[in-house]
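*Asks:*
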Amino acid sequence: MKMNAPVTTRLNFKLMNEHDWPLLHELDQDPAVMKYINRGVPSSLKQIKEIGLPRMLAYKNTNKGWGLWKITLKKEGSFIGWVLIRPMHFFTQTPDFSNIEIGWRFKQSIWGHGYATEAASALCNALKMQPEIKTLSAMALADNKASISVMQKLGFTWVKNYIHTDEQGDLDAVLYAKAL
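Under our numbering, the sequence shown has 1182 at position 118, and the numbering climbs by one with no breaks.
1. So which of Tyr1240, Ile1112, Val1071 and Arg1103 has the shortest CA-CA distance to Gly1233?
2. What would DSSP say about Ser1201, mapped onto helix, strand or coil?
3. Identify which residue in Leu1088, Trp1146 and Ala1122 has its Cα closest to the Cα of Tyr1179.
4. State yes or no: is the C-beta of Asn1208 within less than 8 Å of the C-beta of Tyr1100?
5. Kindly indicate the opening and closing residues of the beta strand (DSSP E) around Pro1151.
6. Find the nearest neighbour of Ile1174 within the set Leu1235, Arg1119, Arg1074 and Gly1129, judged by alpha-carbon distance.
7. Please state the DSSP three-state secondary structure of Thr1072.
8. By the three-class DSSP mapping on this structure, what secondary structure does Lys1139 have?
9. Please list the terminal residues of the continuous alpha helix (DSSP H) segment that includes His1089.
10. Look at the alpha carbon of Asn1127 and the alpha carbon of Lys1171, and state the distance between them as a whole number of angstroms.
11. If you follow the alpha helix (DSSP H) that Val1214 is in, where does it begin and where does it stop?
12. To the nearest angstrom, report how far apart Glu1196 and Ser1162 are at their CA atoms.
13. Among the candidates Asp1230, Phe1077, Val1071 and Gln1194, whose CA atom is the shortest distance from the CA of Thr1156?
14. For Met1203, which residues from the same chain have a beta carbon less than 8 Å from its beta carbon, with the 5 sequence-adjacent residues on both sides left out?
15. Using a Cβ-Cβ cutoff of less than 8 Å, which residues in the same chain neighbour Val1097 once the five nearest sequence positions on both sides are dropped?
16. Taking Ile1144 and Ile1135 to be in contact with their CB atoms under 8 Å, please state how far apart those CB atoms are, rounded to whole angstroms.
Encoded structure:
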């Protein structure tokens, strides 16, 4: 069974593909958007094309709804961000196909209007239709209060604090989850 694109009153949803690199690059140029991703460093076009796109295509599954969902405003048709859907631990351990990770990245110009919560909630509701999915999870840096607020609005609860390690060092992070 193929997962249908969600429908909300304000937003359109479409799975992104390799031709959407200009949108990914545009979004990643704002240091405020990237603050909790890589300490505010904009992604280069080379990083998008050689790292980001291959990673996205590695977990993309149209039938299951895995991938980056392009979010656009219905009224203007403008791209405002994306929501990630993929199995937990896809790149770090053995993927857990019963536990789906959800994440988001939105343009700073639309922050505070509830779009991240609306988009993530609609996708969570669509994922609930897949009986093999038992848990939805989301991660954020511990000081990313806006993302943690979205997680809480989605009904996710705190699971644990942990240390996120990347090429720039260690950072405090949190994991939230919701059983379906």
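A virtual CB, placed ideally from N, CA and C, is assigned to each residue, including glycine. Small disclaimer: the values here were computed from a predicted structure and weren't measured.
*Replies:* For this structure:
1. Among Tyr1240, Ile1112, Val1071 and Arg1103, the Cα nearest to that of Gly1233 is on Arg1103.
2. strand
3. Among Leu1088, Trp1146 and Ala1122, the Cα nearest to that of Tyr1179 is on Trp1146.
4. yes
5. Phe1143 to Met1152
6. Of the listed residues, the one whose Cα sits closest to Ile1174 is Arg1074.
7. The answer is coil: DSSP assigns Thr1072 none of H, G, I, E or B.
8. coil
9. Trp1085 to Leu1091
10. 27 Å
11. That run of the alpha helix (DSSP H) goes Lys1209 to Lys1217.
12. 6 Å
13. Proximity to Thr1156 across Asp1230, Phe1077, Val1071 and Gln1194 peaks at Asp1230, based on C-alpha coordinates.
14. Glu1165, Gly1167, His1228, Ala1237, Val1238, Leu1239 and Tyr1240
15. Leu1091, Arg1169, Phe1170, Lys1171 and Gln1172
16. 5 Å
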